[in-house]
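Chemist:
In the working numbering, the protein residues as written are 170 to 331.
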């Protein structure tokens, strides 16, 4: 079990950083007023009552909390199925769980998720998201990348001679 300790610490660190930044956003960033940082990046505090691009907002807080807990449980189940040598995948699963729990805390406490990062151009903008969402996305990419690398490492079956 000791081998999971660094990943558990990563989960705790991801949750803590996410919640700290959301606290600062709530305290200091005006609601739904764009604050440009770069020509393509702005801070824009808004609330997401759904999951991933506001989907499933009709499920209500309780339904979304149940879905989030089920997803976290499934990700933890998958994480227990990988080899200790799969460091990228373990890191990815930890980031996914940390991000999901960070957003779950928002939903349980406030009834919505606090979003504040906006990528945009003069004629287009991406959905507003937060650090927890970024943790989830980067974590998923690490898991997929580790799986792809793993396929390359697997020994190729030699053709049998009959």
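The beta carbon of each residue, even a glycine, is placed where N, CA and C say it ideally should be.
All of these numbers come straight from a predicted model, not from anything done at the bench.
How about the region 274–289 and the region 208–217: do they share at least three Cβ pairs that are nearer than 8 Å?
Modeler: Flag = yes, the region 274–289 and the region 208–217 touch.
Chemist: Among 317, 196, 271 and 190, whose alpha-carbon lies nearest the alpha-carbon of residue 234?
Modeler: Per the Cα distances, 271.
Chemist: Taking DSSP as the reference, what is the three-state secondary structure of residue 318?
Modeler: In this structure, residue 318 counts as helix in the three-state DSSP scheme.
Chemist: Report yes or no: do the region 247–261 and the region 306–314 share at least 3 C-beta pairs separated by less than 8 Å?
Modeler: Enough Cβ pairs lie closer than 8 Å, so yes.
Chemist: Can you tell me whether residue 237 is helix, strand or coil according to DSSP?
Modeler: Residue 237: helix per DSSP, three-state reduction.
Chemist: Can you tell me whether residue 304 is buried or exposed? The criterion is at least 16 other CB atoms within 10 Å of its CB, across all chains shown.
Modeler: Flag for residue 304 reads buried.
Chemist: Consult DSSP for residue 194 and reduce its assignment to one of helix, strand or coil.
Modeler: Note: residue 194 maps to helix in three-state DSSP.
Chemist: Taking all protein chains shown into account, do 16 or more other C-beta atoms lie within 10 angstroms of the C-beta of residue 176, making it buried, or fewer, making it exposed?
Modeler: Answer is buried; the Cβ neighbour count reaches 16.
Chemist: Under 7 Å, do residue 253 and residue 172 count as touching if we go by C-beta distance?
Modeler: Going by C-beta atoms, residue 253 is nearer than 7 Å to residue 172.
Chemist: Following the continuous alpha helix (DSSP H) through residue 277, name the residue where it begins and the one where it ends.
Modeler: First-last of the alpha helix (DSSP H) with residue 277: 256–279.
Chemist: So what does residue 214 bridge to, in DSSP terms?
Modeler: In the DSSP output, where bridge partners are listed per residue, residue 214 has 200.
Chemist: Among the residues of its own chain, which have a CB less than 6 Å from the CB of residue 255, if the five just before and after it don't count?
Modeler: Excluding sequence neighbours, residue 255 sits near 315.
Chemist: Can you grab the Cα-Cα spacing for the pair residue 342 / residue 319, in whole Å?
Modeler: The shown model of the chain, from 170 to 331, leaves out residue 342, and the question about it has no answer.
Chemist: Going by other Cβ atoms of all chains shown within 10 Å of its Cβ, with 16 needed for buried, is residue 237 buried or exposed?
Modeler: Buried: at least 16 other Cβ atoms inside 10 Å.
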